[in-house]
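Shown next, in structure tokens, is the structure this report addresses.
Numbering (the numbering used here), first residue to last: 613 to 978.
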């Protein structure tokens, strides 16, 4: 498989998604946004901006967790397949999976649907997916907004904002992660809701016309159509993780593996640690298909995609691994130990078998 170093733009950048540009834009935004903390001094934030979710201290030891996310360009696959009954699950998943990363129980979500026009069938299918996602995540959908903005958008965009609750003394941002801890990877169902721009171009073609023509193509390597595989819903990890927390299992960190791949492990608060991924976890065949068809390097694959691991738990040792594994099995979520934590000067993710290292969220070959 390709594993090349180059100063040229990555395949993801060539497809129109720039991490470097995004970081600069975010910095420009945050210099104005961060000072707004002073406007609500009675309700301080318990978590630094940049983690999977934040928590507001509302007093009496109670924290309200909140997060927002959408399904990105996965809606384009839904449009090409003319099937909208699953992307609501993705919208719920992207939000509730972030909320549980701080140790909070998701409670409710509001949705925002931007569209060029309203269609009764499409909106009915969106509602069906949102309801199924809410069932899996154990939340209520308490409201939302529909915005018809034909001059701005073609098709639809689907976004959610979620809240949860957590005792302030149980807020978890990975501050207790330490050398010797083990990393448990919970399997993904496939691509989930990140990297779809690159995946579409690698598997379906560069133009919308090419993609539309290829989306129903059957491929024996994935035992299904290309579009059907990309549309496979994001797994929701709320039920097993909540059972672990309720049963008192000491989870040192909970990490949603989204954009940035396993590099998301570097977002934990602990420092001077290295997350060593060994052995490389098995991955669904769709990732090998994307890599081969798109001639994408291993470094970029692990930076853009979850590569078969949708959520990570960092635990103390084998006793916790056994407890976590039993709960995951009850919920039908395959999991395995995918590595361990070592002492380091800074903070990084290392995949020795592939000679990859990630500092921040960018993987590179070493």
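Yeah, the Cβ is synthetic: ideal placement off N, Cα and C, and Gly gets one too.
Small disclaimer: the values here were computed from a predicted structure and weren't measured.
Asked	Found
Spatially closest choice to residue 865 from 859, 964, 953, 776, by CA coordinates	953
Alpha-carbon spacing of residue 962 relative to residue 969, whole angstroms	5 Å
Under the three-state DSSP convention, the category residue 826 falls into	helix
Residue ranges of each beta strand (DSSP E) within the stretch 705–730, 3 or longer	717–727
CB-CB length for residue 884 against residue 957, believed under 8 Å	7 Å
Residue 975, DSSP secondary structure in three states	strand
Given 8 Å, three or more beta-carbon pairs between the stretch 748–766 and the stretch 689–706	yes
For residue 863, the nearest candidate out of 689, 682, 679, 790 (CA to CA)	790
Inter-residue CB distance, residue 780 and residue 715 (contact presumed, cutoff 8 Å)	No, residue 780 and residue 715 are not in contact; Cβ-Cβ is about 10 Å, not under 8 Å.
Per-residue burial, residue 764 [other beta carbons within 10 Å of its own, 16 or more giving buried]	exposed
Buried versus exposed call for residue 667 [16 or more other C-beta atoms within 10 Å across all chains shown]	buried
Complete runs of the alpha helix (DSSP H) confined to the stretch 770–840 [at least 4 residues]	808–815, 820–826
Beta-carbon spacing of residue 940, residue 794 below 8 Å	no
C-alpha gap between residue 889 and residue 872, whole angstroms	15 Å
Contiguous alpha helix (DSSP H) assignments of at least 4 residues, all confined to the stretch 904–952	910–916, 930–942
Where residue 672 sits in the DSSP three-state scheme	coil
Between the CA atoms of residue 694 and residue 835 - distance to the nearest angstrom	20 Å
Residue 757: first and last residue of the uninterrupted alpha helix (DSSP H) it sits in	Careful: residue 757 lies outside any alpha helix (DSSP H), inside the beta strand (DSSP E) at 752–760.
CB contact flag (residue 917, residue 827, <8 Å)	no
Classification of residue 606 by the beta-carbon crowding that lies within 10 angstroms, buried from 16 upward	Any answer about residue 606 is impossible in this case: the structure gives the chain only from 613 up to 978.
Any 3 or more C-beta pairs closer than 8 Å across the stretch 767–775 and the stretch 682–700	yes
Alpha carbon of residue 978 to alpha carbon of residue 964, nearest angstrom	9 Å
Residue 960, enclosing beta strand (DSSP E) - first and last residue	959–963
C-beta atoms of residue 910 and residue 838 nearer than 8 Å	no
Residue-chain proximity (residue 846, chain B), Cβ-Cβ < 8 Å	The structure shown contains no chain B, having only a single protein chain.
Cross-strand partners of residue 970 (DSSP beta bridge)	961, 975
Distance between beta carbons of residue 901 and residue 815, contact taken as under 8 Å	7 Å
The ligand COA heavy atom lying under 7 Å from the CB of residue 757	Looking for the ligand COA in the displayed structure turns up nothing, as the structure carries no ligands at all.
Proximity of residue 655 and residue 679 at Cβ, strictly below 8 Å	no
Residue environment, residue 614, which counts as buried when at least 16 other CB atoms sit within 10 Å	Because the pLDDT at residue 614 is just 42, under 50, the model does not fix this residue reliably, and the value given afterwards should be weighed accordingly. It counts as exposed.
Inter-residue Cα distance where the pair is residue 821 and residue 691	13 Å
Proximity below 8 Å, CB of residue 726 to CB of residue 761	yes
Residue 680 (DSSP reduced to helix, strand or coil)	strand
Residue 860 versus 927, 880, 878, residue with shortest Cα-Cα distance	927
Burial state of residue 857 (16 or more Cβ within 10 Å)	buried
Distance between beta carbons of residue 809 and residue 845, contact taken as under 8 Å	Rounded, the Cβ-Cβ distance is 18 Å, inconsistent with contact.
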